[in-house]
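Worksheet for the structure shown next.
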Amino acid sequence: MTQKKQHNRIMLLLDEIFNRNLAIDQQYLLVALGALTNLGKIDFSMLEMNGEIFEPAQLVGMAAEFSRETVRPYHVRDGAAIIPVHGSLTHRYGSLRPSSGMTGYDGIRLNIEMAQDDPQVSGIIYDINSPGGSVDGLFDLTDWAKGFVTKPTRAIVDPQACSAAQLFASVADKVTLSRTDRMGSIGAVSAHTDVSKMMEGRGQKITLIAAGAKKIEGNPYEALSEEVYNSRKASLEELRTMFVQTLVDNRGCDFDALMATEAAVLSAKQAVELKLADKIMSPADSLDEFIDQINPTNTGVIPMSKPDTNANAQESQGPQLDESAIRAEAATAERARIKGIIMSEQSEGRSEMAQHIAFNTDMSAEQGVAMLGVSPKMSATLETKTEPTATTDFATVMANHDPQVPSDDQDTGLDAEAAASKNPLIAAHQSMHA
Numbered sequence: 001m002t003q004k005k006q007h008n009r010i011m012l013l014l015d016e017i018f019n020r021n022l023a024i025d026q027q028y029l030l031v032a033l034g035a036l037t038n039l040g041k042i043d044f045s046m047l048e049m050n051g052e053i054f055e056p057a058q059l060v061g062m063a064a065e066f067s068r069e070t071v072r073p074y075h076v077r078d079g080a081a082i083i084p085v086h087g088s089l090t091h092r093y094g095s096l097r098p099s100s101g102m103t104g105y106d107g108i109r110l111n112i113e114m115a116q117d118d119p120q121v122s123g124i125i126y127d128i129n130s131p132g133g134s135v136d137g138l139f140d141l142t143d144w145a146k147g148f149v150t151k152p153t154r155a156i157v158d159p160q161a162c163s164a165a166q167l168f169a170s171v172a173d174k175v176t177l178s179r180t181d182r183m184g185s186i187g188a189v190s191a192h193t194d195v196s197k198m199m200e201g202r203g204q205k206i207t208l209i210a211a212g213a214k215k216i217e218g219n220p221y222e223a224l225s226e227e228v229y230n231s232r233k234a235s236l237e238e239l240r241t242m243f244v245q246t247l248v249d250n251r252g253c254d255f256d257a258l259m260a261t262e263a264a265v266l267s268a269k270q271a272v273e274l275k276l277a278d279k280i281m282s283p284a285d286s287l288d289e290f291i292d293q294i295n296p297t298n299t300g301v302i303p304m305s306k307p308d309t310n311a312n313a314q315e316s317q318g319p320q321l322d323e324s325a326i327r328a329e330a331a332t333a334e335r336a337r338i339k340g341i342i343m344s345e346q347s348e349g350r351s352e353m354a355q356h357i358a359f360n361t362d363m364s365a366e367q368g369v370a371m372l373g374v375s376p377k378m379s380a381t382l383e384t385k386t387e388p389t390a391t392t393d394f395a396t397v398m399a400n401h402d403p404q405v406p407s408d409d410q411d412t413g414l415d416a417e418a419a420a421s422k423n424p425l426i427a428a429h430q431s432m433h434a
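Just so you know, we're using our numbering here: the sequence shown kicks off at 1 and counts up by one.
Here you go:
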């Protein structure tokens, strides 16, 4: 969008908000004001609404959080982003969420990128239920994901991860499946349709004229020649070798053992034996275990690489940490962080926001100063500015753009509990902790 168009739309929005009777949810109005404040379009020292006082920094924070929640295509449960990998997998599908029984590799990649950058996400779960899909784009996605993600990851198979889904599951740090689940089908397949006899029965004949001897190889209007069959078979074997080698690289599997499966669908027990999965456990238990992993409880004891079940041995191997020293060090670091934000040059004229960032967020001093640097200075009067500034996600929302990502369910993200209940992993987790 050009700056002129953005400016005109914001002016229309300002005209709709101020000095008019509104029938609008209070929370949404506060978010809109926060977005306009962040854009530098309105400037005030504080806002009173229904007896409650809101500072500019609070409204800016509300707008930022609203924008993140409305565009997040995955559910977050206790710091775990749950990315669905469901149905047939396809290349360049153009949707962030599974739709019509398919999931796109492009959508999976964008989900991963967003989860990796999401400050509320500590780890990523791939919720896999897929028989496989297209080879196109598959190896590029797995190679990229394996090198890109730095947060802990886990693939939870429920109930199948076969062929292309098997390959994608290998990018996760850990893979789990339940006793009756399926993995494997490590190979590739291609189909040829010969309609020549059907056309002959109808009294029709199609003659293809081509430049280049191999231009019309495999066309459906004539039987597949032995030469073309052998050529395609060799291509599929090459893909199978690539498939197996990628699993060896990602999971430490044995090359010959995987080739010997001859692309069979494997039971859960076989998958673990071949190192395609790490353990057999229910999806709910796996989710719980992963959440515990990314939300560790500090016990005050230095963890050993291999925990010893003998209490005496553990006491002799691991010295107790000086908890008072840890608290003192943490307090010193926190004071330094707060001072770095409050006393920064960028806090001048932005004291309310500086205090909010310092005392109500987990931003580092560097992040806080950077946010202050791009935020407008506050004044005691409410005024309307006319100069266009850089756009934000929420500005796009307010500029008549629908931020909701497409899905069969049409989740909006506004009802977190209702949306979460549609995900079987989250539902299972909730039921166990109800």
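Think of the CB as a built atom: it goes at the ideal place given N, C-alpha and C, for glycine as much as any other residue.
message = Please state whether the Cβ-Cβ distance between residue 93 and residue 104 is less than 8 Å.
response = yes
request  = Can you tell me which of 361, 52, 169 and 282 puts its alpha carbon nearest to the alpha carbon of residue 143?
outcome  = 169
request  = Pull up the distance between the alpha-carbon of residue 362 and that of residue 368, whole angstroms please.
outcome  = 9 Å
key: Among 203, 230 and 150, the one whose alpha carbon lies nearest that of residue 113   = 150
query = If you draw a straight line from the C-alpha of residue 331 to the C-alpha of residue 80, how long is it?
reply = 28 Å
query = Taking the continuous alpha helix (DSSP H) assigned at residue 229, which residues delimit it?
reply = 226 to 251
request  = Any chance you could list the beta strand (DSSP E) runs of at least 3 consecutive residues sitting entirely within the segment 120 to 144, in chain order?
outcome  = 123 to 133
query = Mind checking whether residue 277 and residue 195 have CB atoms under 8 Å apart?
reply = no
key: Alpha-carbon to alpha-carbon, residue 272 and residue 179   = 11 Å
inquiry  = For residue 193, tell me which candidate among 221, 173, 213 and 156 has the shortest Cα-Cα distance.
reply    = 221
ask   = Nearest-angstrom Cα distance between residue 21 and residue 139?
value = 56 Å
inquiry  = Helix, strand or coil, according to DSSP, for residue 308 in the structure here?
reply    = Interpretation of residue 308 is limited by its pLDDT of 47, a score under 50 that renders its predicted location unreliable; no figure is taken from the coordinates.
ask   = Below 8 Å between beta carbons: does that hold for residue 161 and residue 128?
value = yes
request  = Give a yes or no on whether the C-beta atoms belonging to residue 365 and residue 340 are separated by under 8 Å.
outcome  = yes
key: Span of the beta strand (DSSP E) around residue 158   = 153 to 162
For residue 184, three-class secondary structure by DSSP = strand
task = Kindly provide the ranges of any alpha helix (DSSP H) runs that are 4 or more residues long and lie completely inside the segment 252 to 299, ordered along the chain.
result = 255 to 260, 268 to 273 and 283 to 294
task = Run the proximity test for residue 262: is its beta-carbon closer than 7 Å to any non-hydrogen atom belonging to the ligand MG?
result = Annotation note on the ligand MG: not contained in the displayed structure, which lists no ligands.
query = So what's residue 207 in DSSP terms, helix, strand or just coil?
reply = coil
inquiry  = Excluding the 5 residues flanking residue 267 on each side, which residues of the same chain have their C-beta closer than 8 Å to its C-beta?
reply    = 182
ask   = Grouping DSSP H, G and I as helix and E and B as strand, with all else coil, what is residue 414?
value = No answer about residue 414 holds up, because its pLDDT of 36 lies below 50 and its placement is not dependable.
task = Spell out the partners DSSP gives residue 82 in its beta bridges.
result = 75 and 125
query = Taking the Cβ atom as the reference point for each residue, do residue 166 and residue 190 lie within a distance shorter than 8 Å?
reply = no
request  = Could you please give the first and the last residue of the uninterrupted beta strand (DSSP E) stretch that includes residue 104?
outcome  = 102 to 104
key: Distance CB(residue 259)-CB(residue 248) smaller than 8 Å   = no
inquiry  = Buried or exposed for residue 141, going by 16 or more other Cβ atoms inside 10 Å?
reply    = buried
message = Using only CA atoms, which one of 201, 90 and 217 lies nearest to residue 208?
response = 217
Start-to-end residues for the alpha helix (DSSP H) that takes in residue 197 = 196 to 201
query = What are the boundary residues of the beta strand (DSSP E) that includes residue 175?
reply = 174 to 177
inquiry  = Does residue 344 come out as helix, strand or coil in the three-state DSSP assignment?
reply    = coil
query = Skipping 5 residues on each side, what residues in its chain have a beta carbon closer than 6 Å to that of residue 291?
reply = 78 and 80
Start-to-end residues for the alpha helix (DSSP H) that takes in residue 476 = With the chain covering only 1 through 434, there is no way to say anything about residue 476.
query = Under the three-state reduction of DSSP, which class applies to residue 149: helix, strand or coil?
reply = coil
Cβ-Cβ distance between residue 91 and residue 136 below 8 Å = yes
Alpha helix (DSSP H) segment containing residue 366, residue limits = 365 to 373
ask   = Comparing alpha-carbon positions, which option in 256, 89, 126 and 237 lies nearest residue 286?
value = 126
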